[in-house]
Amino acid sequence: MSLGQHLIELRKRLFISAIAIVVGGIGGWFVSDFVWDGLRLPISTIAKAHNAIINYSGLTSAFDLRLQIAVTVGIVVSSPVWLYQVFAFLVPGLTKKEKRYTFGFFFSAIPLFLAGCAAGWFVLPHIVVILTSFVPKEDASFIEAKDYLSFVLKLVLAVGVAFVLPVFLVLLNFIGVISARAIIKSWRVAILLIFVFCAIATPSADVGSMFLLAVPMILLYLVAAAIAWWHDRVVAKRADALTAELGGPATV
């Protein structure tokens, strides 16, 4: 394909992705009230024991909040469509082997991302309780709706992305960029980085939430290392078999 054809193809993929996001956003507008009720549930729970309330500071704050929720829902709901468009644009330039690895990454990354978002949602009430516990009992907590929504989305999406990172390690190993030995050798650094990330994502006083996030991330890292080790063993055996068939010395 020429450069002009590539640009036309890119425009087509972007247009389909935009349409999918808009359609998802329209649906998200109608369910935004239900989504917001779920997101602010930790505040409603805290309000039973402490004077806490979500505040809308501006005239258009409620409308802006609902619009942001609708767009976010649209992006999440339409993710299979626009992710497929990204892969469909890249696949024609890949080899058959690279296509197999790429689609394997695609179908494993989405469940892990959703699992990470679920983990972030699971620890969210604990984090909100810890952060609001510093407010004196005689005072009230007026929480800005926009700030609270941004906090929730950043936490949930950050954990979701973190759960996908081991898949990148496996993909890099399968295409020969990094070996299993290097992944296993770096386990101390990886665990340290995982705990640093979890400490940043959760309040320092909430050690339980930090471990709730760190343990599954460490397990995913170990699973990625095991898959990479298995893959390297398979590649080594194939190389030895090919060398023996050609009559050359065996490799280690």
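If you count by the numbering used here, then the sequence shown holds residues 793 to 1044, one letter each, in order. C-beta: ideal position from N, C-alpha, C; glycine also.
Report the rounded CA-to-CA distance for residue i versus residue j, giving the unit in angstroms.
{"i": "residue 1012", "j": "residue 976", "result": "13 Å"}
{"i": "residue 802", "j": "residue 881", "result": "7 Å"}
{"i": "residue 925", "j": "residue 993", "result": "18 Å"}
{"i": "residue 1048", "j": "residue 829", "result": "The structure shown does not extend to residue 1048, since the chain spans only 793 to 1044, so no value can be given for it."}
{"i": "residue 816", "j": "residue 848", "result": "26 Å"}
{"i": "residue 1032", "j": "residue 900", "result": "30 Å"}
{"i": "residue 939", "j": "residue 862", "result": "17 Å"}
{"i": "residue 1044", "j": "residue 966", "result": "With a pLDDT of only 45 at residue 1044, under the threshold of 50, the placement of this residue in the model should not be trusted; the figure read from the coordinates follows. In a straight line, the C-alpha of residue 1044 is about 19 Å away from that of residue 966."}
{"i": "residue 797", "j": "residue 806", "result": "14 Å"}
{"i": "residue 984", "j": "residue 1018", "result": "19 Å"}
{"i": "residue 810", "j": "residue 873", "result": "10 Å"}
{"i": "residue 820", "j": "residue 827", "result": "9 Å"}
{"i": "residue 969", "j": "residue 1002", "result": "31 Å"}
{"i": "residue 933", "j": "residue 927", "result": "7 Å"}
{"i": "residue 964", "j": "residue 974", "result": "12 Å"}
{"i": "residue 1014", "j": "residue 856", "result": "42 Å"}
{"i": "residue 979", "j": "residue 823", "result": "43 Å"}
Find out if the Cβ-Cβ distance for the pair residue i, residue j is shorter than 8 Å.
{"i": "residue 923", "j": "residue 860", "result": "no"}
{"i": "residue 948", "j": "residue 912", "result": "yes"}
{"i": "residue 908", "j": "residue 953", "result": "yes"}
{"i": "residue 935", "j": "residue 844", "result": "yes"}
{"i": "residue 955", "j": "residue 1038", "result": "no"}
{"i": "residue 1023", "j": "residue 929", "result": "no"}
{"i": "residue 870", "j": "residue 818", "result": "no"}
{"i": "residue 1016", "j": "residue 958", "result": "yes"}
{"i": "residue 894", "j": "residue 914", "result": "no"}
{"i": "residue 937", "j": "residue 846", "result": "yes"}
{"i": "residue 864", "j": "residue 945", "result": "yes"}
{"i": "residue 1020", "j": "residue 972", "result": "yes"}
{"i": "residue 808", "j": "residue 877", "result": "yes"}
{"i": "residue 916", "j": "residue 898", "result": "no"}
Indicate the three-state DSSP secondary structure (helix, strand or coil) for residue i in the structure shown.
{"i": "residue 895", "result": "helix"}
{"i": "residue 970", "result": "coil"}
{"i": "residue 905", "result": "helix"}
{"i": "residue 926", "result": "coil"}
{"i": "residue 843", "result": "coil"}
{"i": "residue 870", "result": "coil"}
{"i": "residue 933", "result": "strand"}
{"i": "residue 1012", "result": "helix"}
{"i": "residue 837", "result": "helix"}
{"i": "residue 848", "result": "coil"}
{"i": "residue 805", "result": "helix"}
{"i": "residue 858", "result": "helix"}
{"i": "residue 978", "result": "coil"}
{"i": "residue 1025", "result": "helix"}
{"i": "residue 832", "result": "coil"}
{"i": "residue 910", "result": "helix"}
Check each candidate in the options and name the one with the smallest Cα separation from residue i.
{"i": "residue 943", "options": "920, 865, 953 and 877", "result": "920"}
{"i": "residue 1051", "options": "937, 838, 1028 and 986", "result": "Since the first residue of the chain shown is 793 and the last is 1044, residue 1051 is not available in this structure."}
{"i": "residue 868", "options": "906, 858, 857 and 800", "result": "906"}
{"i": "residue 825", "options": "951, 950, 808 and 858", "result": "858"}
{"i": "residue 950", "options": "991, 931 and 1025", "result": "991"}
Within 10 Å of its beta-carbon, does residue i have 16 or more other beta-carbons around it, so buried, or fewer, so exposed?
{"i": "residue 835", "result": "buried"}
{"i": "residue 960", "result": "exposed"}
{"i": "residue 1034", "result": "exposed"}
{"i": "residue 999", "result": "exposed"}
{"i": "residue 1042", "result": "Low confidence applies to residue 1042: its pLDDT is 49, below 50, so where it sits in the model is not reliable, and the reading given next is rough at best. Classification for residue 1042: exposed."}
{"i": "residue 866", "result": "buried"}
{"i": "residue 831", "result": "buried"}
Spell out whether any CB of chain C is found under 8 Å from the CB atom of residue i.
{"i": "residue 912", "result": "In the structure shown, chain C cannot be found, because there is only a single protein chain."}
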